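Okay, so here's the structure we're looking at.
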Amino acid sequence: MAMPSSLSGLARLRALGEHPRRLLLGAYVAVLALTLAVVFVPFLRGAVTERAQSAFRSVQGGWIERVERGEALVSEGSYEDAIAYLEELDARFPARVNRHSLDKERERILHALGQSYEAMGRKRLTLETYRRAVGFDPRNVANHFALAAAALRLDEAEEARAHLDSVLRIDPSHMPALEALIGLDFERGDFAGVSSRFESYLAAFRIHVEMQMRLDDTVVLVSIPIDGRTGVVRAPIPVATSATRLVIEPGHPGIEILGVEFESRARAGLVDPTTLPGLPDGDPLQFALPAQEIVAVRLTVRTRVPIDPDTWERVATSYRNRLDFDGLAAAGDRIIRLAVDSGPEPTPGEGAANAETDGTEAGGTRTPPSGGRR
């Protein structure tokens with residue numbers, strides 16, 4: 268018997284409805300099977316992970332190459348081309364917030380753009396671009412210092428001062444920022460400001476440098492805090508030794524060894540500090556060791572903070588103009604005048620070195636942060 272036309276149409280509709288449901292169910296089963304395979308089959312999981320990581324690295328590498336291309340245009344002095352290229356890259360670049368995998372490249376774009384705008388005499392865009400870099404990562408010393416340096420060159424002294432202060436809040440040992448601020452204070456005759464700022468710098472300054480000790484053939488690296496003070500640093504010997512000779516190589520003109528004490532398992536032998544030679548041009552100090560198994564060396568160390576001679580002359584003049592000769596003597600006792608090479612312009616990613624507390628055992632080392640040209 269023929270099915271009524273209405274019932275036949277309903278059956279066809281039901282059949283049509285079943286088709287997408289079957290497709291959806293099939294896709295679900297396929298995804299579930301793939302997920303289970305990735306989770307439970309280590310080889311397949313590793314292959315999928317490696318393929319995903321490789322694709323991610325490839326995409327990242329492409330963006331990094333674009334940034335390098337823009338920086339090359341700046342280095343060549345092709346500022347108009349650099350601006351056109353970097354503005355487009357800036358608009359498309361994926362890193363929009365800090366903590367992105369390409370966040371340092373975002374800062375590189377902004378620094379290159381700022382440099383190009385300044386070279387073309389576009390003051391407003393120069394400062395706006397460096398402000399964007401500061402806003403992107405307010406804890407990055409290089410961003411604040413780049414904005415401050417540009418502001419100084421563009422006769423925006425107050426904005427420069429604000430960001431130089433920010434640099435020193437983040438990194439109290441940033442000498443180029445100190446030098447620039449002291450120069451600004453000195454030029455306007457703020458001698459109290461110069462001496463106060465320098466005392467704050469001395470109070471906060473602390474970097475670590477690596478000093479080498481040799482006990483016969485055993486080399487021990489000692490981390491010395493340079494802070495303009497006298498203190499004791501204990502250097503454990505990794506393996507107890509019966510060496511007969513100790514050689515100390517300070518390696519830094521701001522380090523003066525005042526006393527050496529040896530720790531052994533039985534007792535400690537003290538070398539009279541008054542018999543120690545001086546430090547002629549950092550020449551090594553040599554000692555005959557007691558006939559005991561040495562487990563540690565305790566060094567009484569006096570350190571001095573390095574300061575550029577021109578900057579120190581401004582500081583000393585400020586103390587004298589205020590008739591603060593005691594303050595001048597106290598500050599002068601904690602510094603060593605050096606023609607400091609401040610290194611290259613700060614690059615995105617540089618941060619402050621974290622200070623450690625005094626009186627700790629010598630262990631790891633810290634490299635002083637570079638901080639831009641003066």
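According to this note's numbering, the sequence shown holds residues 268 to 641 in order.
Just so it is clear, CB atoms sit at the ideal spot from N, CA and C, and this is done for glycine as well.
In this text, all values refer to a predicted model and were calculated from it rather than measured experimentally.
Three or more pairs of CB atoms, one per stretch, sit closer than 8 Å, so the stretch 399-414 contacts the stretch 368-380. DSSP lists no beta-bridge partner residue for Glu-354.
Considered as a whole, the stretch 548-610 harbours 552-555, 561-570, 572-574, 602-604 as its complete beta strand (DSSP E) runs of no fewer than 3 residues, in chain order. Counting the other CB atoms within 10 Å of its CB gives Val-489 a total of 16 or more, which places it among the buried residues. The continuous stretches of beta strand (DSSP E) do not include Thr-396, which lies in the alpha helix (DSSP H) extending over residues 390-403. The continuous alpha helix (DSSP H) containing Leu-451 extends over residues 442-454. Residue state for Ser-462 is assigned as helix, using DSSP reduced to three classes.
Comparing alpha-carbon positions, the option among Pro-439, Ser-383, Arg-398 lying closest to Ala-418 turns out to be Arg-398. When only Cα atoms are considered, Leu-513 and Leu-605 end up about 29 Å apart. Annotated three-state conformation of Arg-428 is helix, per DSSP. Contiguous beta strand (DSSP E) elements confined to the stretch 489-536 occur at 497-508, 512-516, 522-531, taking only those with 3 or more residues.
For Leu-369, the three-state secondary structure derived from DSSP is coil. In the three-state DSSP reduction, Arg-420 falls in the helix class (H, G or I). The beta carbon of Ile-449 sits closer than 8 Å to those of Val-461, Arg-464, Phe-465, Thr-578, Arg-581, Val-582, all from its chain and outside the five residues before and after it, given in chain order. Counting every other CB atom within 10 Å of its CB across the protein chains shown gives Ala-349 a total of 16 or more, marking it as buried. In this model, Asp-404 and Ala-427 are separated by some 17 Å (Cα to Cα).
The distance from the Cβ of Pro-439 to that of Ala-471 is about 3 Å, consistent with a contact at the 8 Å cut-off.
Out of Met-478, Arg-336, Leu-595, Asp-457, the CA that lies nearest to the CA of Ile-515 is found in Met-478. Distance from the CA of Met-442 to the CA of Pro-503, rounded to the nearest whole angstrom, comes to 32 Å.
The beta carbon of Leu-451 lies closer than 7 Å to those of Ala-424, Arg-428 in the same chain, with the five residues before and after it left out. The beta carbon of Ile-603 sits closer than 8 Å to those of Pro-520, Gly-521, Arg-571, Val-572, Pro-573, Ile-574, all from its chain and outside the five residues before and after it, given in chain order. Residue state for Glu-343 is assigned as coil, using DSSP reduced to three classes.
Between Val-527 and Val-564, the gap from beta carbon to beta carbon is short of 9 Å. Leu-525 is a Cβ neighbour of Thr-497, given a cutoff of 9 Å. Boundaries of the beta strand (DSSP E) harbouring Met-480: 474-482, taken from the DSSP string. Taking the C-beta atoms as reference points, Gln-559 is found nearer than 9 Å to Ser-509. Shown here for Arg-481: same chain residues with a beta carbon closer than 6 Å to its own, the five before and five after excluded, namely Val-514 in chain order.
Taking a C-beta distance under 9 Å as the contact criterion, Gly-518 and Arg-601 do not qualify as a contact pair. Nearest in C-alpha terms to Ser-433, of all of Asp-422, Leu-421, Ala-413, Arg-420, is Ala-413. Contact between Leu-421 and Leu-380 is absent: CB atoms are separated by about 15 Å, not below the 8 Å threshold.
Classified as buried, Ser-383 has 16 or more neighbouring CB atoms from the shown chains inside 10 Å of its CB. Minimum Cα-Cα distance from Phe-453 among the listed residues Leu-566, Arg-589, Ala-596, Thr-567 corresponds to Arg-589.
For Val-486, DSSP records a beta bridge to Arg-481.
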